[in-house]
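Okay, so the sequence shown: first residue is 221 according to my numbering, each after it adds one.
Here a beta-carbon is modelled for each residue, glycine too, at the ideal position from N, C-alpha and C.
Computed from a predicted structure; not experimentally measured.
Scroll down for the structure; my scribbles are underneath it.
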Amino acid sequence: MDSSNLPTIQIFGLGYIGLPTAAIMSNVGFKVIGVDVVQKVVENLNKGLLHISEPGLEDLVKEGVSSGRLFATMTPQEADVHIIAVPTPIHDDKTPDIDYVVSATKSIAGVIKTGNLVILESTVPPLTCENLISKQIENDTGLVAGRDYHLVHCPERVIPGKIIYELIHNDRIVGGTTPEATHYASEIYSQFVKGKLLQTTATTAEMCKLMENTYRDVNIALANEFAAVAERLNFNVSEAIELANHHPRVNIHNPSIGVGGHCIPVDPWFIINSAFEQTSLIQTARNINDEKPIIVANKIIEVANYDSSKSVALLGLTYKADVDDIRESPAIQITKIVSNALSNRIMICDPYVKNFNREEFSNFKGEIVDMEEVMSQANIIFILVGHSIFNNLQINKGQALFHVYNGQYSLSGPQEAKSI
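So, in structure tokens, the structure goes:
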């Protein structure tokens, strides 16, 4: 592909994946159109302002905008390549919610031309490319995937806090509905991806992403069961896992307070809903990890409930350490349960969360405070998320500190840790 004559890229969804992808591609020479349904996101991006926090992203966005290669709009435009990077959550009944993908596909159908490339990056149930996107575009336009335009699935595989680095350096799976589509998409990604471009079919690519996150979910569930066994038999589960992992073919994950984020607690359900009778192990793992925040919350209530005059601080609300991402966070679930169950004064603190006027926090009964107030007024402190800012907290006489985020808690040190 001639770097002096790169195709125009249009990205639908300017969230945690779409915006970094747009910023990176604009910085390597692509003209990038970012489409989002939120007006404030569009207006701010065109000013070089961010609505999400991610290391390295701000400079890339400012460079892309100032160069004229990156701009945002609420109205889809004509382009050579259309990338779908919208959320794919699940409904309350655990069935996939692909409404955003459908909406983006309909928007593409309104501007698609013969020879265009459509890339789906969103995580989706298997057969979404062939049974949903291709049929939707054909119904709306008469254009047929593989004959009139190219259709590919290229799932993102990044972690918040390292998104920029991993979008560039991680291997990418590129799965087209035809070999020609796969080749075209690989040419696009080769302009900025330094990792390997692994070529396959669209359906295989869809399953690969789901399998990756399901493996992690099942492994965490196993670790959480080991933690429960450790509580029963009175041994240190973290030490046992560390020692077991010295075996060259063993890789047990760490226990946790639950599983959060936009992928791991969601993706297994896409497989379960596609093949219910064949996924009993996956279902069991999901149930174990879904129940863990409730178990942890009850443990906290048990510890704090002995004296209602003691003030309780809950530190951390994001789904993982040192990011601002609260999607599917088990810490939020724990905080809701604990704050509604205890009559103690409840103090809630997370320096990474800037906006507490969100639906996710609507059922909190505690007070939002800063770290200074926690350290001066809290009697019992529970660290739910392992933010580095919470490392080595110096507690005062009469205060108790519990490290909960690693699936254990302790009053004075790891040697007294108990499984939670």
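- GLN614 has its alpha-carbon roughly 38 angstroms from the corresponding atom of LEU387.
- Counting the other CB atoms within 10 Å of its CB gives GLU274 a total of 16 or more, which places it among the buried residues.
- HIS370 is bridged by DSSP to LEU337.
- By the C-beta criterion, the stretch 522-532 is judged not to be in contact with the stretch 460-478, since fewer than 3 inter-stretch pairs fall below 8 angstroms.
- From the listed residues MET595, LEU604, ASN225, the smallest Cα separation to GLU407 is found for ASN225.
- By a beta-carbon distance limit of 8 angstroms, ASN493 contacts THR315. Their separation comes to about 6 angstroms.
- With contact defined as three or more Cβ pairs closer than 8 angstroms, the stretch 471-486 and the stretch 409-424 are not in contact.
- Between VAL372 and ALA329, the gap from beta carbon to beta carbon reaches 7 angstroms or more.
- For the stretch 337-415, the continuous alpha helix (DSSP H) assignments of 4+ residues that do not extend past its boundaries occur at 354-361, 383-389, 399-409, in sequence order.
- The beta carbon of LYS382 lies closer than 8 angstroms to those of PRO275 in the same chain, with the five residues before and after it left out.
- With fewer than 16 other beta carbons inside 10 angstroms of its own, ASN577 counts as exposed.
- Of all alpha-carbon atoms in ASP570, TYR369, ILE353, the one lying nearest the alpha-carbon of THR334 is that of TYR369.
- Judged by beta-carbon spacing, GLY284 lies within the 7 angstroms limit of SER246, meaning their Cβ atoms are closer than that value.
- Looking at VAL523, ASN611, GLY238, the one whose alpha-carbon comes closest to that of PRO380 is GLY238.
- Between the stretch 586-598 and the stretch 517-525, the count of Cβ pairs shorter than 8 angstroms is below three; the stretches do not touch.
- Rounded to the nearest whole angstrom, the C-alpha separation of PRO309 and SER410 is 29 angstroms.
- In chain order, ILE554, ILE557, VAL558 place their CB closer than 6 angstroms to the CB of ALA517, counting only its own chain and leaving out the 5 sequence neighbours on each side.
- Sequence-distant partners of VAL364 (beyond 5 residues in either direction) whose C-beta falls short of 8 angstroms from its own C-beta, in its chain, are SER354, GLU358.
- In the same chain as ASN264, and ignoring 5 residues on each side of it, the C-beta atoms closer than 8 angstroms to its own belong to LEU270, HIS271, in chain order.
- In the DSSP secondary-structure assignment, CYS483 is not bridged to any residue.
- For the pair GLY627 and ALA447, the CB atoms are nearer than the 7 angstroms cut-off.
- In its chain, beyond the 5 residues on either side, ILE472 have a beta carbon closer than 6 angstroms to the beta carbon of ILE461.
- Scanning PHE232, ASP391, TYR404 for the CA closest to the CA of VAL321 turns up PHE232.
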